[in-house]
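First comes the structure, then the notes that go with it.
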Amino acid sequence: MSLHTEPVVVNIGPHHPSTHGVFRMRVTFDGENVQDVEPVIGYLHRGTEKLAEERQYSQVITLTDRLDYVASMTNNQAYVLSCEKLIDIEVPDRGKYLRTIAAELQRVASHLVGVGFFLAELGGFGGTALMYCFRERERILDMFEMLCGARITVSFMRIGGVFQDAPEEFWPALRKFLDEMPGYADELNKLIFESEIVQARTKNVSVISADQAIDASLTGPILRASGVPWDIRAAQPYDAYDQVKFDVITAQGGDNFDRFWVRMLEVEQSLKIIEQCYRDIRSGPVRSTTSLLFRPSPGEAYVPIEAPKGELGFYLVSDGSIAPYRCKIRSPSFISLTLFKEMLVGWKLADIIVSLGSLDFNMGEVDR
Amino acid sequence: MGEALAENIVYRHVYEFILSVFGSELAWLAYAIATFSVVLLVVNVLMLLATFYTWAERRLLGRFTNRLGPNRAGPFGLLQALADAVKLLTKEDIVPRSADRWVFNIAPIVMLGSVLMAMGVIPLGEKTFLADLNIGLLYLVAVSGLGSIAVLMAGYASANKFSTFGAMRAAAVLISYEIPLVMSLLSITILAGSMSLIEVVNSQTIPFLLVTPLAAFIFLTAMSAELNRSPFDITEGESEIVAGYLTEYSGMKFGTFMLAEFAALMVAGAVFAVLFLQGWKWAILPSHIWMLLKVGLFALLATWVRSTLPRLRPDQILTFAWKFLFPLSLINVIALSVQRLLLADEFGNLQQQDMWLMVVSNWILMVVAVPVLIKITNRKSGIPFGESAKFHVGKGV
Amino acid sequence: MPNLYQEVIFWALFAITVFSALLVVGQRDMFRSALALIVTFLAIAGIFAQMNAEFLAVAQVLIYVGAVSVLVIFAVMFTKDMPHSTRSTNLQPVSIVVVGLLFIALSWAIFQSQWNEMPAELPVFVESTLVDSSSQLGTAIIRDYVMAFETVGVLLLAAVVGALALVRDK
Amino acid sequence: MYGSGMLKAFGVTLQNFLRKPSTVQYPEERLQQHPRFRGQEFTWYEERCTGCASCAKYCPLGIIKIVTDPSGGDYQDGGSYRIDQFDIDQARCMYCGICVEACPYDALHMGTRFEAATYSREDLVITIDDLRARPKHPSAWFRPQLAKEGFDPFTEIADWREVGRETYFWHPKRPEMVPEDLAQKASSDGDYDKSQDND
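Structure representation (structure tokens):
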């Protein structure tokens, strides 16, 4: 016995409290069940790639800040690594370590934002976990301010190193953060991941299998949550990652819970990496080239890095002029949206939001 | 009803004053004005409490989330509610073009009305109540059902899909949680031997919270569902359906809805205090103060829950109601009936030592019944209860 | 003790009942019809309350307003083009005739009944009803007619189980 | 036991309830900024500026407009142009600081303020007169000489002589800091190159 009902098409976004920016979904609902999803992107398109092709290599660094604006450091890092490969220069050791520390701090900050919104998306009071996460992220941002004078749009890295050495007050602040952060992470575990309601809501929901994830070329925590131990930091080390030891976190479920849980565990690993960098960093120069303006010989370069959200890389083609001929951005957020429909169809309205959050994408990076 | 009102001190004074001024031939006027003034007093107490609570909840939530909360308007931000009201009043009143204008406008009034009507039977202190209905508990349930009609009206009339989602969810929650709620009220009736709220308070030689913890648990759960409070706030689920049935409301219509919601929480707190915490009774302090403190305790608890727990999915909420709460409330009612049958004397009254016996047996019942029922529900459906906190994490490379 | 105020209130409730009942059939918008039905139920509950049948009044609100009308609205929500769904059909003349006949029959029954005789048979019961109708009802249901009450309960349970069995996913 | 996870969550919120709030009351209290903070209100030292327009050239957004006049001054080696116009369109500025990094004469510094709300966009354009008139609170961003002297840009106003000069090639010569060296660092100041100071 069944009742004839008509599906409802609902536009979720671009203005919706939890679509992570101006993201729009055309969702076809049968009651509360999702029948079809169509992501609509492009509301934040700023033409970053074309802007980059109009600017000198060193000026593009400031544009990369604005791609994934919750993880500017890693954007900088991906871009300058590609540039360094293009003009073939070596970064001094201290510069490498500083970059690694900054990138890992940024990873912690980015994951904190992702995990902080988790509880809000599940429908808890929008401020609880978020405020706790932002409180800790604030300390990271304070450290970024010490490093480079800005908190979000950092422009910290330069081609050939970082722009300047860390000030002396940075190191005690980092030490304090490293000492206190595990306690706060434990608090977040208790608040979010051990709660039965959270587990009931997210376990076995929107499962992505390992094969599906690989086929869709997903990377980052989403891929690792499906059980694939692929981490570019371990597989193709860049900067100082070949000098540090850390575990590649994987989970087996591939569901919403595991995607967040992998992020939470990666925070732990990031702290471990920073700890080692803090121990191993030695005196020395932080930057090898001092010129803002250069003309690389014609060629191309692509260096992938493990950004908080997955593999990020800038494919640069040089024609010998002062600006890149082509700058293609391989952004993890955009590719994370590939499996969107497969993830959501068959689940409920309430699950859409959580699954969306579990991808932890950023519209600045999706639309570029 | 009128007799109970006549005991009211405000009523008596106003009535006598008007009689003394106009003479006894205008008794109907005195009756009308005196009744009106008492009703006005009670309604205003409720409204004042609700507006105060909007501030208090935001301050408390602020502290729970490691912030300060509103503290700018007036000392400690106490005038924040006033500032909000002024802001809402000066906002443009927008009605969507395709909305059913008439229903759209009347919905907030129905919502507030249902809450105010519930206030009619609740004793706010010793000898401070409007009416002592002998079916007070049923009246409360009946009147609170009206609020859901208002939600349905708002959801339909807004001509917005998010609003419709919210309204349908509200209806589903109402139908499901009314039953455990009534069951928990029934267990109170069994204990007190009356449905009058005054009688319920008078019969509480021991707080019923101790005597029947299961009923208190069911009441709190069902009430938070009826009030759209976390973790059952799917009706407004701001992360999913924007603001549910409130999506299209603006200005003071929105304000009326919010006021009604907070007032409903106050009413629920008062009901909880009356049913489970001996109402106005306690030592030393005046009865009204005790009542206020108990309502405040309930509000604090509600805020704490709101700050901590995320929301369940609608299907999980319904499963929770039908497969867990409903059997649990049946067990409780049956257990209490049997206890009363065994323990009551020939006049059907319960002595205090019998009550203590019930305290012991009911706590044992709770400790046994809840885990067993959870196990059964978990095995059968597995939906509302996830696994307990065990993580399976493999390390790669 | 029918006095002026009670008369006024009764006639007001009566007017509301009749008017909203007319609205139920006269509205084009089915949702508004359902709302008018709720108003009718409420007004009838008011009449019950005025007759000191408080339990009945509250039960009316609880069951009809709280539950039945919500189900009605649920059902109404399934209709297509809700705002214009109530249309007159060619059965209108037939229905007018049927309603007219029903009205005549009811009126005849009302005027034929010997109303004056009835209180004479049940004076004690009426008096006690005025005092505490709900406890009287409770006693009647749980003590005197408990068998019938439980039978109805079992019947309803069977109906619920049957309904569940019908809609269950195979 | 089932439900223990939720109870722990309640414990966490209670713990935070009793903790000191992590926010501050903004207009009355302010968070401490780092001297490197890149803010608004560029600090410009006209005496040091030669009008080379490096800043305008390196600005990724092209929002700096410099009009110079070679007729008046001696613009040969070591000399400077007369600067007629120096507009920074703050409304489009993203405070990346590349103009400061590009300035070869340490004439342009980032500012330290961040409250520049205005009612119209035109008010956000910093003209040369604004630059001259504004109190000089130079940020230590890319100006390590300021950080080295312990200059506090939030309270002090720095004269152009006080901010000093740093060669552009200071990076390799910098004594490096590791956490253990911090105490030592405090005593080993002043070994940067001041030979190119042309004040």
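Protein chains in written order, with the numbering used here: chain C, 1 to 368; chain A, 1001 to 1397; chain P, 2001 to 2170; chain B, 3001 to 3199. Beta carbons: idealized from backbone N, C-alpha and C, even for Gly. These figures come from a predicted structure and were not determined experimentally.
Problem set entry | Helix, strand or coil at S28 of chain C [DSSP, three-state] | Looking up residue 28 of chain C in the first sequence gives position 28. Correcting the residue identity first, residue 28 of chain C is Thr in this sequence and not Ser. In this structure, T28 of chain C counts as strand in the three-state DSSP scheme.
For this session: Would you verify that the beta carbon of S321 of chain C is, or is not, closer than 8 Å to some beta carbon of chain B?
Result: Start at 1 with the first residue of the first sequence, and residue 321 of chain C comes out as number 321. No, S321 of chain C does not count as interfacial toward chain B.
Exercise. S3139 of chain B: which of B:C3093, B:V3100, B:G3005, B:I3083 sits nearest, CA to CA?
Worked result: Within the fourth sequence, the letter at position 139 stands for residue 3139 of chain B. Nearest of B:C3093, B:V3100, B:G3005, B:I3083 to S3139 of chain B, Cα basis: B:V3100.
Exercise. Distance, Cα to Cα, L288 of chain C vs P92 of chain C?
Worked result: Within the first sequence, the letter at position 288 stands for residue 288 of chain C. Within the first sequence, the letter at position 92 stands for residue 92 of chain C. According to the sequence shown, residue 288 of chain C is Ser rather than Leu. Going by the C-alpha atoms only, they are around 6 Å apart.
Exercise. What whole-angstrom Cβ distance do T100 of chain C and I329 of chain C have, given they're in contact under 8 Å?
Worked result: By one-based count along the first sequence, residue 100 of chain C stands at place 100. By one-based count along the first sequence, residue 329 of chain C stands at place 329. So it is not a contact: roughly 22 Å between Cβ atoms.
Exercise. If you measure from the beta carbon of A1150 of chain A to each beta carbon in chain P, is any gap under 8 Å?
Worked result: Taking the first residue of the second sequence as 1, we reach residue 1150 of chain A at position 150. A1150 of chain A does not count as touching chain P.
Exercise. Given that a residue counts as buried once 16 or more other Cβ atoms are within 10 Å of its Cβ, and exposed if not, what is P304 of chain C?
Worked result: Locating residue 304 of chain C in the first sequence gives position 304, counting from the first residue. P304 of chain C is buried by the Cβ-count criterion.
For this session: Under 9 Å between beta-carbons, which chain P residues line up against A1142 of chain A? List them in chain order, please.
Result: Working through the second sequence from its first residue, we reach residue 1142 of chain A at position 142. Going along chain P in sequence order, the residues near A1142 of chain A (Cβ under 9 Å) are A2045, A2057, V2058, A2059, Q2060, V2061, L2062, I2063, V2065, G2066.
For this session: Using a cut-off of 7 Å between C-beta atoms, extract the partners of V2167 of chain P located in chain A.
Result: Residue mapping note: residue 2167 of chain P aligns to position 167 of the third sequence, counting from 1. The contacting residues do not exist; V2167 of chain P stays about 14 Å from chain A at best.
Exercise. Can we say the segment 279-298 of chain C touches the segment 339-357 of chain C, given the rule of at least three CB pairs closer than 8 Å?
Worked result: no
For this session: Reducing DSSP to helix, strand and coil, say where R1101 of chain A ends up.
Result: The count along the second sequence starts at 1 and reaches residue 1101 of chain A at position 101. The answer is helix: DSSP assigns R1101 of chain A an H, G or I state.
For this session: At 4 residues or longer, and completely inside the segment 253-330 of chain C: list those alpha helix (DSSP H) runs for me, N to C.
Result: 256-280
For this session: Using a cut-off of 9 Å between C-beta atoms, extract the partners of F1064 of chain A located in chain B.
Result: On the second sequence, residue 1064 of chain A is found 64 positions in, with the first residue counted as 1. Going along chain B in sequence order, the residues near F1064 of chain A (Cβ under 9 Å) are T3013, L3014, N3016, F3017.
Problem set entry | Contact between the segment 3082-3101 of chain B and the segment 3110-3128 of chain B (3+ Cβ pairs under 8 Å) | yes
Exercise. Got a sec: is the Cβ-Cβ distance from A1154 of chain A to anything in chain P below 8 Å?
Worked result: Reading the second sequence from its first residue, position 154 is the one you call residue 1154 of chain A. No, because no Cβ of chain P sits closer than 8 Å to the Cβ of A1154 of chain A.
Problem set entry | Counted within 10 angstroms of its Cβ, other Cβ atoms place Q199 of chain C as buried (16 or more) or exposed | For the purposes of this step, residue 199 of chain C is taken as the residue at position 199 of the first sequence. Per the 10 Å Cβ criterion, buried.
For this session: Go ahead and pull the three-state DSSP assignment for E6 of chain C.
Result: Mapped onto the first sequence, residue 6 of chain C falls at position 6. E6 of chain C falls in the coil class under three-state DSSP.
Exercise. Of the choices A:Y1011, A:V1042, A:G1237, A:L1060, whose alpha-carbon is the least far from that of P3021 of chain B?
Worked result: Taking the first residue of the fourth sequence as 1, we reach residue 3021 of chain B at position 21. Answer by Cα proximity: A:L1060.
For this session: Give the DSSP-derived three-state secondary structure of D3189 of chain B in the structure shown.
Result: Indexing the fourth sequence from 1 puts residue 3189 of chain B at position 189. Residue placement at D3189 of chain B is flagged as unreliable, the pLDDT there being 42, under the threshold of 50; the coordinate-derived value follows with that caveat. In this structure, D3189 of chain B counts as coil in the three-state DSSP scheme.
Exercise. With a cut-off of 8 Å, does the C-beta of F3154 of chain B fall near any C-beta of chain A?
Worked result: Indexing the fourth sequence from 1 puts residue 3154 of chain B at position 154. By this cut-off, F3154 of chain B is not an interface position.
Exercise. Residues bridged to H2979 of chain B by DSSP?
Worked result: Past the edges of chain B, shown from 3001 to 3199, lies residue 2979 of chain B, and the structure says nothing about it.
For this session: Tell me whether Y3081 of chain B is buried or exposed, calling it buried when 16 or more other Cβ atoms sit within 10 Å of its Cβ.
Result: Residue numbering aside, residue 3081 of chain B sits at position 81 when the fourth sequence is read from its first letter. Classification for Y3081 of chain B: buried.
Exercise. Buried or exposed: where does Y1011 of chain A fall if 16 or more other Cβ atoms within 10 Å of its Cβ makes it buried?
Worked result: Position 11 of the second sequence holds residue 1011 of chain A. With 16 or more other Cβ atoms within 10 Å, it is buried.
Exercise. Since I192 of chain C and L81 of chain C are thought to touch, with beta carbons under 8 Å apart, how far apart are those beta carbons, to the nearest angstrom?
Worked result: Here residue 192 of chain C refers to the residue found at position 192 when the first sequence is read from its first residue. Here residue 81 of chain C refers to the residue found at position 81 when the first sequence is read from its first residue. 34 Å between Cβ atoms; not a contact.
Problem set entry | CB contact below 8 Å: Y184 of chain C versus chain B | As a first step, residue 184 of chain C must be located in the first sequence, where it is residue number 184. Not an interface residue.
Problem set entry | Three-state secondary structure (DSSP) of D65 of chain C | Start at 1 with the first residue of the first sequence, and residue 65 of chain C comes out as number 65. D65 of chain C: coil per DSSP, three-state reduction.
Exercise. Residue range of the alpha helix (DSSP H) that D1084 of chain A falls in?
Worked result: Taking the first residue of the second sequence as 1, we reach residue 1084 of chain A at position 84. Residues 1080-1089.
Exercise. What are the boundary residues of the beta strand (DSSP E) that A251 of chain C is part of?
Worked result: Position 251 of the first sequence holds residue 251 of chain C. Where A251 of chain C is concerned, the enclosing beta strand (DSSP E) stretches over 248-251.
For this session: Pair every Cβ in the segment 3034-3042 of chain B with every Cβ in the segment 3139-3151 of chain B, then say whether three or more of these pairs are closer than 8 Å.
Result: yes
Exercise. For W1102 of chain A, which option in A:N1044, A:S1287, A:M1266, A:S1158 has the closest C-alpha, if you only look at C-alpha atoms?
Worked result: Here residue 1102 of chain A refers to the residue found at position 102 when the second sequence is read from its first residue. Answer by Cα proximity: A:S1158.
Problem set entry | Per-residue contacts from P3021 of chain B into chain A (C-beta, under 8 Å) | Counted from its first residue, the fourth sequence places residue 3021 of chain B at position 21. By Cβ distance, chain A contributes G1062, R1063, N1066, R1067, L1068.
Exercise. Can you list the residues of chain F that A1171 of chain A reaches, using a CB-CB cut of under 8 Å?
Worked result: Absence of chain F from the displayed structure is noted, the protein chains being C, A, P and B.
Problem set entry | M2147 of chain P classed as buried or exposed, judged by whether at least 16 other C-beta atoms fall within 10 angstroms | Reading the third sequence from its first residue, position 147 is the one you call residue 2147 of chain P. It counts as exposed.
For this session: Determine whether the Cβ of G114 of chain C lies closer than 8 Å to any Cβ atom of chain A.
Result: Position 114 of the first sequence holds residue 114 of chain C. It does not: the Cβ of G114 of chain C has no partner Cβ on chain A nearer than 8 Å.
For this session: Could you tell me if V1021 of chain A is buried or exposed, where buried requires 16 or more neighbouring beta carbons within 10 angstroms of its beta carbon?
Result: As a first step, residue 1021 of chain A is located in the second sequence; it is residue number 21 there, counting from the start. Looking at its Cβ environment, which holds fewer than 16 other Cβ atoms inside 10 Å, V1021 of chain A is exposed.
For this session: Mind the definition here: the segment 2051-2058 of chain P touches the segment 1134-1147 of chain A only if three or more C-beta pairs lie below 8 Å; say whether that holds.
Result: yes
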